[in-house]
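Peer 1:
Protein chains in written order, with the numbering used here: chain A, 17 to 341; chain B, 49 to 578.
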């Protein structure tokens, strides 16, 4: 019951946060020069001034800004995201079309970074001071410092152009028309480089955080007591060290949720991955207000959900943490 | 001895070229296969009646057709019209349509579709056609296979409006009665008469066109599948070609400095042809409403301060030709002999500024200007930086205003700039391409190819209007020579260069560029030598 109340409260706050994000973005994008009408006019080659006015009126862009915001919010509360100016179809349809690709990419990157990062962090902590520790620490420093897009491009040149092992871009092989497990395998091959690129920065973060936390916990009295009692090494690591060392990792997980969506804009562009990150990029350059705001809406919902999950994990990993606080 | 060796080499080269030409001519096209291309950026739509931007035209021109296409010399080539005639007074155009042509949904194509397209659909969606159709008194269809256009006055460039990307023929049976052609759900069904039909559009990934088995030109198209890959990153597009994923790279897909490397790959061919209709021209817009840009001497100083040969060679990687006036080389009625030339001469630039009384201040600054770069990638950014540096050398302090495409468009078309880089298509004939940029009646909020500079010259207005209606070619040439003489002396715009647009493709692809429409041709004749 306590947990339920906690989540009800958090969800209420989350709705307010999302509405605030939308309002800020609404004002920001309209502050940029150019609107959908001028873009459409530009694409028509030569236009008369009446055309621009007509398009503005059709899209409701001629009304005062607060009125536009109020109308948008009202629509949003009834889950109506409006129509894309650019593609002339419901924004909801476009988002749902692209969301699975982004979820596949970001969740793969998420799982990859946690699994590999925590694994390497523990390996380094267990053999602190060894050559393996030095290698892992140095490697994580490199990935921590390297920009995402740069790593992505280098990976494409090496694995696609030079070695020919992995496809350079896209989510599936164009024209192959594969089905069943072959299609899955094809997508997995396409996913490998973008997911690794997106996840590597956080692999480095988790490696360093896990290593530091594990080494701190290793020196605690309760671990020494466990050793003195003759508890098997693997059990000490699993039950005592890892469980305590994982708390700072969870803190970073909720931070990663926000960053990973930002990163997906870059990675989806470099690898031509057809997700909402790229959609945001395109929508911005086309001043497709409704589409861009919808992407922001979906992104903020995703970040809020990730944070809620992180809070839940916190309480599961350490029962001493009380939810209402 | 050396002469003989040169002659021998020349003979051998000529023979080799002749042999290659004969071989290309005698090769029998092979049916089947797939052609992989890149469309960049992903088009908002491929209904060619509504979407006229480059990417839409590239894909849509394979699905939709016009009455004619245009040869490299811009002579009409039969497409949906089998033949045509023009009355001696230049006011009546009669088209005989090709019989037994079917729309992709199986309905017959008739003269009613042509009348509908030019009187209702295109004037509502495409400003250029709307403007030109204002010169037409009536469009009629005496029978299912004939269309007659009656003009109010002669318009010698009229045949240029019937190619597929501008004069797209739309299906009347689908659109009749529709109130808004842009937003109707009918647009979800793509129906043309062209050699290819829409197979699948996986947004963000690719567009697949498939062979139209009922195409009117029997045996064509040769290709079974056309894939347009969507690759948003310029480096990714280079890699797509290098790794063999795609068979051709169009101008603008990659930066110019990448072209030489890609063209040097084994089995790659470089072509600069196919831009005869579009005629791209790069220039620096100068806002004549503002001081000191309203003074001709100041504009001339800018012209002398920039080394345009350097721009072509080092910034555009040799893909450009120098020009000294508003007409590109090879454009109709081009007359280089009447143009004023502005050589790269820093001393002369400074002297002109001195003459105006613009003496350098304590920091060497004579004037300050804002420069709007063209946000189309690295090459244009470098051009803006070069301009800032060179103008600084003569005392014109220039601030680059960073912007994205919508911002650039909005500022330029509203006249909110001092200097702005731009490029426009001259579209086959001065009555289309020159009028839009220099007529005083076509100024703000009419797109970026309009007279955004605010150039007002009654002499030019009168000459352009007169040349529009002049049937005698010699007289038109005389009028346009005067236009070129006046404009290049007045320098309302600084023409940096005529853009040369490279296409790199694999040599196994045959007949890729054969007409003046270039890559916007319908690809019915393209085949792959497997």
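Where a beta carbon is used, it is the ideal one built from N, C-alpha and C, also for glycine.
Beta-carbon of residue 288/B versus every beta-carbon of chain A: anything under 8 angstroms?
Peer 2: For this step, residue 288/B is matched to residue 240 along the second chain. By this cut-off, residue 288/B is an interface position.
Peer 1: Closest to residue 96/A by C-alpha separation, out of 134/A, 276/A, 212/A and 108/A, would be which residue?
Peer 2: Here the question's residue 96/A lines up with position 80 in the first chain. The shortest Cα separation from residue 96/A among 134/A, 276/A, 212/A and 108/A belongs to 108/A.
Peer 1: Counting along the chain, where does the alpha helix (DSSP H) carrying residue 297/A start and finish?
Peer 2: Here residue 297/A is taken as the residue at index 281 of the first chain, counted from 1. Element bounds for residue 297/A: 292–301.
Peer 1: Answer with yes or no whether the minimum CB distance from residue 307/A to chain B is below 8 angstroms.
Peer 2: Here the question's residue 307/A lines up with position 291 in the first chain. Judged by the 8 angstroms Cβ criterion, residue 307/A is not in contact with chain B.
Peer 1: Alpha carbons only, please: which of 277/B, 352/B, 342/B and 378/B is nearest the one belonging to residue 321/B?
Peer 2: As a working note, residue 321/B is residue 273 in the second chain. Nearest option by C-alpha distance: 378/B.
Peer 1: If we define contact as Cβ-Cβ less than 8 angstroms, is residue 294/A a contact residue for chain B?
Peer 2: Against the first chain, residue 294/A aligns to sequence position 278. True, the Cβ-Cβ gap to chain B drops below 8 angstroms.
Peer 1: Can you round the beta-carbon distance between residue 247/B and residue 256/B to whole angstroms, since I take them to be within the 8 angstroms contact cut?
Peer 2: Stepping through the second chain from its first residue, residue 247/B is reached at position 199. Stepping through the second chain from its first residue, residue 256/B is reached at position 208. So it is a contact: roughly 4 angstroms between Cβ atoms.
Peer 1: Using CA atoms only, rank isn't needed, just tell me which of 290/B, 152/B and 353/B is closest to residue 241/B.
Peer 2: Residue mapping note: residue 241/B aligns to position 193 of the second chain, counting from 1. Nearest option by C-alpha distance: 152/B.
Peer 1: Using a Cβ cut-off of 7 angstroms, pull out every chain A residue sitting near residue 452/B, in sequence order please.
Peer 2: Looking up residue 452/B in the second chain gives position 404. Ordered by position in chain A, the residues that pass the 7 angstroms Cβ test against residue 452/B are 301.
Peer 1: Closest to residue 132/B by CA distance: which of 249/B, 358/B and 194/B is it?
Peer 2: The residue labelled residue 132/B in the question sits at position 84 within the second chain. Residue 132/B has its Cα closest to that of 194/B, out of 249/B, 358/B and 194/B.
Peer 1: Relative to the C-alpha of residue 473/B, which candidate in 169/B, 336/B, 175/B and 326/B has its C-alpha closest?
Peer 2: Within the second chain, numbered from 1, the residue matching residue 473/B stands at position 425. For residue 473/B, the nearest C-alpha among the options comes from 326/B.
Peer 1: Which residue comes first and which comes last in the alpha helix (DSSP H) that contains residue 138/B?
Peer 2: Position 90 of the second chain, counting from 1, holds the residue named residue 138/B. Careful: residue 138/B lies outside any alpha helix (DSSP H) and carries neither H nor E.
Peer 1: Taking three-plus beta-carbon pairs below 8 angstroms as touching, is the region 26–41 of chain A in contact with the region 434–443 of chain B?
Peer 2: Flag = no, the region 26–41 of chain A and the region 434–443 of chain B do not touch.
Peer 1: Return helix, strand or coil for residue 323/B, following the three-state DSSP convention.
Peer 2: For the purposes of this step, residue 323/B is taken as residue 275 along the second chain, with counting starting at 1. Coil, per DSSP.
Peer 1: Where do the N-terminal and C-terminal ends of the alpha helix (DSSP H) with residue 331/B fall, by residue?
Peer 2: Position 283 of the second chain, counted from the first residue, corresponds to residue 331/B. Looking at the DSSP string, residue 331/B is not in any alpha helix (DSSP H); the run it does join, the beta strand (DSSP E), is 328–334.
Peer 1: Could you work out which residues of chain B lie near residue 102/A, taking near to mean beta carbons separated by less than 7 angstroms?
Peer 2: The count along the first chain starts at 1 and reaches residue 102/A at position 86. Under the 7 angstroms cutoff, chain B gives 92.
Peer 1: Going by DSSP, what residue range makes up the alpha helix (DSSP H) through residue 521/B?
Peer 2: If you number the second chain from 1, residue 521/B lands on position 473. First-last of the alpha helix (DSSP H) with residue 521/B: 521–538.
Peer 1: Applying the criterion that 16 or more other CB atoms from any shown protein chain within 10 Å of the CB defines a buried residue, is residue 90/B buried or exposed?
Peer 2: The count along the second chain starts at 1 and reaches residue 90/B at position 42. Classification of residue 90/B: buried, given that the 10 Å Cβ count is 16 or more.
Peer 1: Measuring alpha carbon to alpha carbon, tell me which of 136/B, 98/B and 183/B ends up nearest residue 165/B.
Peer 2: Taking the second chain and counting its residues from 1, one reaches residue 165/B at position 117. For residue 165/B, the nearest C-alpha among the options comes from 98/B.
Peer 1: Check the C-beta distance from residue 330/B over to residue 547/B and give it rounded, since I have them as a contact under 8 angstroms.
Peer 2: Counting from 1 along the second chain, the entry for residue 330/B is found at position 282. Counting from 1 along the second chain, the entry for residue 547/B is found at position 499. Contact flag correct, Cβ pair sits at about 5 angstroms.
Peer 1: Closer than 9 angstroms by beta-carbon distance: list the chain B residues that pair up with residue 114/A, in chain order.
Peer 2: If you number the first chain from 1, residue 114/A lands on position 98. Near residue 114/A (Cβ distances below 9 angstroms), the residues of chain B are 251 and 252.
Peer 1: Can you check whether the CB of residue 313/B is closer than 8 angstroms to the CB of residue 442/B?
Peer 2: What you label residue 442/B is simply residue 394 of the second chain in a count that begins at 1. What you label residue 313/B is simply residue 265 of the second chain in a count that begins at 1. Taking 8 angstroms as the Cβ cut-off, residue 442/B and residue 313/B do not qualify as a contacting pair.
Peer 1: Note down, in chain order, each residue of its chain lying with its Cβ closer than 7 angstroms to the Cβ of residue 373/B, except the 5 sequence neighbours on either side.
Peer 2: Residue mapping note: residue 373/B aligns to position 325 of the second chain, counting from 1. Taken in chain order, the residues that qualify are 387, 532, 535, 536 and 543.
Peer 1: Could you give the C-beta distance for residue 38/A and residue 297/A, rounded to a whole number, given that I count them as a contact under 8 angstroms?
Peer 2: By 1-based counting over the first chain, the position of residue 38/A is 22. By 1-based counting over the first chain, the position of residue 297/A is 281. Not quite, the Cβ-Cβ distance comes to about 19 angstroms (not below 8 angstroms), so this is no contact.
Peer 1: Distance check for residue 133/A and residue 222/A, CA to CA, integer angstroms please.
Peer 2: Taking the first residue of the first chain as position 1, residue 222/A is located at position 206. Taking the first residue of the first chain as position 1, residue 133/A is located at position 117. Between residue 222/A and residue 133/A, the C-alpha separation is close to 5 angstroms.
Peer 1: CB residue 212/B to CB residue 96/B, shorter than 8 angstroms?
Peer 2: Within the second chain, residue 212/B is the residue found at index 164, counting from 1. Within the second chain, residue 96/B is the residue found at index 48, counting from 1. Against a cut-off of 8 angstroms, the Cβ pair of residue 96/B and residue 212/B comes out as a contact.
Peer 1: Starting from residue 259/B and walking both ways along the beta strand (DSSP E), at which residues does that stretch end?
Peer 2: On the second chain, position 211 is the one that residue 259/B refers to. Run containing residue 259/B: 254–259, per the beta strand (DSSP E) assignment.
Peer 1: For residue 392/B, does the three-state DSSP call read helix, strand or coil?
Peer 2: Residue mapping note: residue 392/B aligns to position 344 of the second chain, counting from 1. Coil, per DSSP.
Peer 1: For residue 416/B, report the span of its beta strand (DSSP E) as first-last.
Peer 2: Translated into positions along the second chain, residue 416/B becomes position 368. Note, residue 416/B: beta strand (DSSP E), 415–420.
Peer 1: List the residues of chain B that residue 177/A touches, going by C-beta distances under 9 angstroms, in chain order.
Peer 2: Your numbering for residue 177/A matches position 161 in the first chain. Residues of chain B passing the Cβ test: 287, 290 and 291.
Peer 1: So, at 6 angstroms on beta carbons, what are the nonlocal neighbours of residue 517/B in its own chain, with the 5 sequence-adjacent residues on each side left out?
Peer 2: Residue 517/B sits at position 469 when you count from the first residue of the second chain. For residue 517/B, where only same-chain residues beyond five positions count, the Cβ hits under 6 angstroms are 201 and 202.
Peer 1: Residue 122/A to residue 40/A, Cα distance in whole Å?
Peer 2: Mapped onto the first chain, residue 122/A falls at position 106. Mapped onto the first chain, residue 40/A falls at position 24. Distance between the alpha carbons of residue 122/A and residue 40/A: 25 angstroms.
Peer 1: Per DSSP, residue 196/B is paired with what?
Peer 2: Position 148 of the second chain holds residue 196/B. DSSP output for residue 196/B lists 142/B and 188/B as bridge partner(s).
Peer 1: Assuming the contact rule is C-beta atoms closer than 8 angstroms, residue 165/A and residue 282/A should be a hit. Round their C-beta distance to whole Å, please.
Peer 2: Here residue 165/A corresponds to residue number 149 of the first chain, with the count starting at 1. Here residue 282/A corresponds to residue number 266 of the first chain, with the count starting at 1. Going by Cβ atoms, the distance from residue 165/A to residue 282/A rounds to 5 angstroms, so yes, they are a contact pair.
Peer 1: For residue 304/B, does the three-state DSSP call read helix, strand or coil?
Peer 2: Position 256 of the second chain holds residue 304/B. Residue state, collapsed to three classes: helix.
Peer 1: Report the residue ranges of all alpha helix (DSSP H) runs contained in full by the region 82–146 of chain B; include only those spanning at least 4 residues, in chain order.
Peer 2: Segments of the alpha helix (DSSP H) lying fully in the region 82–146 of chain B: 102–108.
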